[in-house]
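>
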Amino acid sequence: MPVSANLRAAQEVLRSRAAATSARNAASTSKKPISIRAATALYKSSSPAAVHRLIRKIESDDIPAQPGRPCVLIDDEDEALVAFVVRM
253 MPVSANLRAA QEVLRSRAAA TSARNAASTS KKPISIRAAT ALYKSSSPAA
303 VHRLIRKIES DDIPAQPGRP CVLIDDEDEA LVAFVVRM
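Just add 252 to the spot in the sequence shown (first one is 1) and you have the numbering used here.
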């Protein structure tokens, strides 16, 4: 399935959640936010799990770290490593 359908479904869920939260604060009658399954069916996206992963990615403030080893040692780490090898 196209990624854009998943993204549109995730955005719709987040938009409806925000509207429901603001409506809840403003008035006693509020609409229920759209569920992930309903948004998946509405936008014909691949799966609810894919939409949920996108929602978590959009909501998270963390910048994902690049996997793997760091590219370069800083000077202190380099000196400590050299001192350790020399003492061996």
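By construction, the Cβ of each residue, glycine as well, lies at the ideal position given by its N, Cα and C atoms. Just so we're clear, the structure is a prediction, and the values are computed from it rather than from any experiment.
1. Do the CB positions of Pro285 and Ala302 come within less than 7 Å of each other?
2. Spatial neighbours of Met253 within its chain, please: C-beta separation below 6 Å, excluding the five flanking residues on both sides.
3. Go ahead and pull the three-state DSSP assignment for Pro300.
4. Exposed or buried, what is Glu264 when buried is set at 16 or more other beta-carbons lying within 10 Å of its beta-carbon?
5. Note down, in chain order, each residue of its chain lying with its Cβ closer than 8 Å to the Cβ of Leu259, except the 5 sequence neighbours on either side.
6. Can you round the beta-carbon distance between Ile310 and Leu266 to whole angstroms, since I take them to be within the 8 Å contact cut?
Let's see:
1. The criterion of a C-beta distance shorter than 7 Å is not satisfied by Pro285 and Ala302.
2. For Met253, the predicted structure reports a pLDDT of 49, less than 50, and the residue's modelled location is therefore unreliable. A value from the coordinates is still provided. Excluding positions up to five away in sequence, the list reads Ser297, Ser298.
3. If DSSP states are grouped into helix, strand and coil, Pro300 belongs with the helices.
4. With 16 or more Cβ atoms within 10 Å of its Cβ, Glu264 is classed as buried.
5. Hits under 8 Å: Leu306.
6. In this structure, Ile310 and Leu266 form a Cβ contact; the two beta carbons are roughly 6 Å apart against a cut-off of 8 Å.
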